[in-house]
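Peer 1: Protein chains in written order, with the working numbering: chain A, 106 to 357; chain B, 106 to 357.
Before I ask anything, let me first share the structure, which is written out below as structure tokens.
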């Protein structure tokens with residue numbers, strides 16, 4: 106029997122992306138969102154695979170809402186950019202199979218081929234294997250890890266990377282230096298940093314705010330960042346070129 | 106009469122780049138460096154255009170050394186990545202024409218076409234105009250500004266940009282997260298940041314240390330950066346998604 110997929114919060118950008126993906130692979134898809142006639146519980150009760158595509162802060166709440174309505178043999182999944190809290194919330198909310206996923210790409214991608222999806226097993230093997238096979242057959246790179254390790258790596262790959270780009274934008278604003286001001290004096294490196302910052306700021310601000318706030322591992326990454334900044338500033342304030350050269354050689 | 110160019114510190118990478126550039130435009134070039142038979146003073150006394158291609162911290166010292174030996178009608182120039190202190194030092198060391206320059210590219214560039222050179226007029230017009238025309242005829246984008254404005258903009262374009270990349274590398278080292286660890290979990294944004302960091306760390310550590318230490322405007326940029334980081338952390342520590350969204354909207 107072909108499983109039915111319920112996308113809760115499915116009218117959002119990633120929800121619509123997943124709708125196209127699953128339909129193109131031949132799966133019936135139910136969409137529940139604030140403006141659809143179908144309620145989250147109703148959609149969840151009629152599907153084999155229930156995927157929460159809601160903003161990170163409400164994953165736990167929506168999991169509790171739909172949990173009691175899932176079929177016993179169904180699976181509860183999410184696509185949040187952080188994994189520890191959402192996965193724990195889903196395991197609490199539903200006694201059946203649970204899988205945490207994190208597609209490492211945005212809704213602008215036309216095709217999943219070559220893109221990475223992280224899977225964090227929660228409970229059960231049947232639907233985990235089904236999803237992994239489905240993604241791999243579609244050409245995705247699947248990486249399996251724990252929610253803790255996912256969040257630790259993402260505190261660098263997303264948390265820290267976005268943090269420094271946001272800080273660059275905020276610093277320029279603080280200094281009153283505009284893109285126009287620096288345009289004539291730009292270097293290739295700076296031009297690349299500026300375009301990454303511009304791209305980040307043009308996207309969903311709430312998602313990027315949640316990625317900063319909701320990953321518990323970010324605290325460690327930001328503490329390490331603060332120490333690293335302190336080390337570099339130590340040498341700059343002392344005008345100690347030799348010390349800074351040593352630091353640069355060490356991190357090479 | 107075709108002017109002779111003296112490159113002091115001319116055996117370094119940018120010195121050799123300039124040697125090829127001036128020779129290709131038909132100018133006789135004299136090279137003085139620690140390992141050449143020709144002394145800096147001797148080379149300076151025989152040229153119409155004397156260009157200091159030495160590391161930033163020794164520009165002032167070398168300017169004082171060669172200043173008394175320049176022909177009265179000659180010009181003293183430099184190529185340092187910061188401009189206020191080197192330009193002031195050259196104006197002090199030599200009473201004739203002085204031009205500060207900053208080629209915004211590295212010695213790996215095969216051709217000057219399309220690349221930017223910043224010129225900061227010091228004293229006199231004749232050699233300034235000669236250089237500007239020469240660079241423009243060769244296809245370079247020439248930008249003229251004061252040393253103060255150059256350093257202010259470069260405190261962002263170079264100082265801050267390099268600072269955050271160095272901080273990213275230092276943070277990863279502090280956390281024990283290697284490139285291999287994150288390879289499987291990378292995003293396009295993070296991949297780009299990591300390759301910029303790798304490129305920076307593979308280059309001349311002393312030059313990058315000097316760019317941090319020797320630009321007096323970096324203090325202001327780093328103070329603004331510290332404040333920006335504090336603002337972002339304020340919201341993260343309070344788990345205040347709405348506050349962070351406001352900040353992201355403001356800097357957009």
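Built from N, CA and C at the ideal position, the CB exists for glycine as well.
On the criterion of 16 or more Cβ atoms from any shown chain inside 10 Å, does residue 140(A) qualify as buried, or is it exposed?
Peer 2: Residue 140(A) is exposed by the Cβ-count criterion.
Peer 1: Based on Cα-Cα distance, which residue from 180(B), 106(B) and 162(B) lies nearest to residue 112(B)?
Peer 2: It is 180(B).
Peer 1: Report the rounded CA-to-CA distance for residue 232(B) versus residue 200(B), giving the unit in angstroms.
Peer 2: Between residue 232(B) and residue 200(B), the C-alpha separation is close to 14 Å.
Peer 1: Only counting the same chain, and skipping five residues up and downstream in sequence, which positions put a Cβ closer than 8 Å to that of residue 295(B)?
Peer 2: Only 287 meet the Cβ criterion.
Peer 1: Excluding sequence positions up to five away, which residues of its chain have a Cβ less than 7 Å from the Cβ of residue 273(A)?
Peer 2: Around residue 273(A): 298 and 302.
Peer 1: Mind listing, in chain order, the continuous alpha helix (DSSP H) runs of no fewer than 4 residues lying wholly within the stretch 253 to 297 of chain B?
Peer 2: As far as the stretch 253 to 297 of chain B is concerned, its whole alpha helix (DSSP H) runs of at least 4 residues are 266 to 280 and 284 to 288.
Peer 1: Which one of 219(B), 335(B) and 222(B) has the shortest CA to CA distance from residue 275(A)?
Peer 2: The option with the nearest alpha carbon to residue 275(A) is 335(B).
Peer 1: According to a CB-to-CB cut-off of less than 9 Å, which residues of the stretch 242 to 253 of chain A neighbour chain B?
Peer 2: Under the 9 Å Cβ criterion, the stretch 242 to 253 of chain A contributes 246, 248 and 250.
Peer 1: Consider the Cβ of residue 263(B): report whether some Cβ of chain A lies at a distance smaller than 8 Å.
Peer 2: At least one chain A Cβ lies under 8 Å of residue 263(B).
Peer 1: Reducing DSSP to helix, strand and coil, say where residue 202(A) ends up.
Peer 2: Reduced to three states, the DSSP call for residue 202(A) is strand.
Peer 1: Should the stretch 221 to 229 of chain B be regarded as contacting the stretch 179 to 198 of chain B, the criterion being three or more beta carbon pairs within less than 8 Å?
Peer 2: They touch, by the three-pair rule.
Peer 1: Would residue 241(B) be called buried (16 or more neighbouring beta carbons within 10 Å of its own) or exposed?
Peer 2: By the neighbour-count rule (16 or more Cβ atoms within 10 Å), residue 241(B) is not buried but exposed.
Peer 1: With C-beta atoms as the reference, is residue 114(B) less than 8 Å away from residue 159(B)?
Peer 2: Their beta carbons are under 8 Å apart, which means residue 114(B) touches residue 159(B) by this criterion.
Peer 1: Strictly below 9 Å CB to CB, what residues from chain B border residue 163(A)?
Peer 2: Here the premise fails: no neighbours, minimum Cβ distance about 11 Å.
Peer 1: Using a C-beta to C-beta distance shorter than 7 Å, which residues of chain A count as neighbours of residue 284(B)?
Peer 2: Those within 7 Å of residue 284(B) in chain A number zero; the least Cβ separation is about 11 Å.
Peer 1: Identify the contact partners of residue 217(A) in chain B, using a Cβ-Cβ distance below 7 Å as the criterion.
Peer 2: Here the premise fails: no neighbours, minimum Cβ distance about 15 Å.
Peer 1: Just curious, the alpha helix (DSSP H) that residue 217(B) is in, first and last residue?
Peer 2: Neither: residue 217(B) is in no alpha helix (DSSP H) and is coded neither H nor E.
Peer 1: Compare the Cα-Cα distances from residue 320(B) to each of 146(B), 189(B), 163(B) and 157(B) and report the closest residue.
Peer 2: The residue with the shortest Cα to Cα distance from residue 320(B) is 189(B).
Peer 1: If we call anything under 8 Å between Cβ atoms a contact, is residue 251(A) one with residue 224(A)?
Peer 2: Not a contact, by the Cβ cut-off of 8 Å.
Peer 1: Cβ atoms of residue 268(B) and residue 337(A): under 8 Å apart, would you say?
Peer 2: Contact flag set, yes.
Peer 1: Spatial neighbours of residue 341(B) within its chain, please: C-beta separation below 8 Å, excluding the five flanking residues on both sides.
Peer 2: Closer than 8 Å at the Cβ level, and outside the excluded window around residue 341(B), lie 349.
Peer 1: How many whole angstroms separate the CB atoms of residue 169(A) and residue 198(A), which I take to be in contact at a CB cut-off of 8 Å?
Peer 2: That belief holds up - the Cβ atoms of residue 169(A) and residue 198(A) are roughly 5 Å apart, short of 8 Å.
Peer 1: Taking the DSSP output, what are the residues bridged to residue 226(B)?
Peer 2: BP columns for residue 226(B) point to 204(B).
Peer 1: Checking 8 Å against the spacing of the C-beta atoms, do residue 264(A) and residue 326(A) come in under that value?
Peer 2: Closer than 8 Å, so yes.
Peer 1: Consult DSSP for residue 247(B) and reduce its assignment to one of helix, strand or coil.
Peer 2: Strand.
Peer 1: Going straight from the alpha carbon of residue 217(B) to that of residue 318(B), what length do you get?
Peer 2: Rounded to whole angstroms, residue 217(B) to residue 318(B) spans 28 Å at the Cα level.
Peer 1: Hey, would you say residue 137(B) sits closer than 8 Å to residue 175(B), going by beta carbons?
Peer 2: In this structure, residue 175(B) does not lie closer than 8 Å to residue 137(B) by Cβ.
Peer 1: Just the C-alpha distance for residue 324(A) and residue 343(B), rounded to the nearest angstrom, thanks.
Peer 2: Going from the Cα of residue 324(A) to the Cα of residue 343(B) covers about 12 Å.
Peer 1: Select from the stretch 266 to 298 of chain A all residues with a C-beta closer than 7 Å to any C-beta belonging to chain B, and list them in chain order.
Peer 2: Here the close residues are 266, 268, 269, 271, 272, 273, 274, 275, 276, 277, 278, 279, 280, 282, 286, 287, 289, 290, 291, 292, 294, 295, 297 and 298.
Peer 1: Using DSSP's beta-bridge definition, name the partner residues of residue 157(B).
Peer 2: 113(B) and 183(B).
Peer 1: Give the C-beta separation of residue 116(A) and residue 279(B) to the nearest angstrom, bearing in mind that I take them to be a contact with Cβ-Cβ under 8 Å.
Peer 2: Their Cβ separation, rounded to whole angstroms, is 42 Å, which puts residue 116(A) and residue 279(B) out of contact at 8 Å.
Peer 1: What do you get for residue 256(B), buried or exposed, if any count of 16 or more other CB atoms within 10 angstroms of its CB means buried?
Peer 2: Result: buried.
Peer 1: Take the Cβ of residue 120(B) as the centre, count every other Cβ of all protein chains shown within 10 Å, and call the residue buried at 16 or more, exposed below.
Peer 2: Classification for residue 120(B): buried.
Peer 1: Which value, in whole angstroms, describes the spacing of the CA atoms of residue 290(B) and residue 304(B)?
Peer 2: Distance between the alpha carbons of residue 290(B) and residue 304(B) is about 21 Å.
Peer 1: Can you name the start and end residues of the alpha helix (DSSP H) that residue 353(A) belongs to?
Peer 2: Residue 353(A) -> alpha helix (DSSP H) spans 346 to 356.
Peer 1: Quick check on DSSP: helix, strand or coil for residue 194(B)?
Peer 2: Three-state result, residue 194(B): helix.
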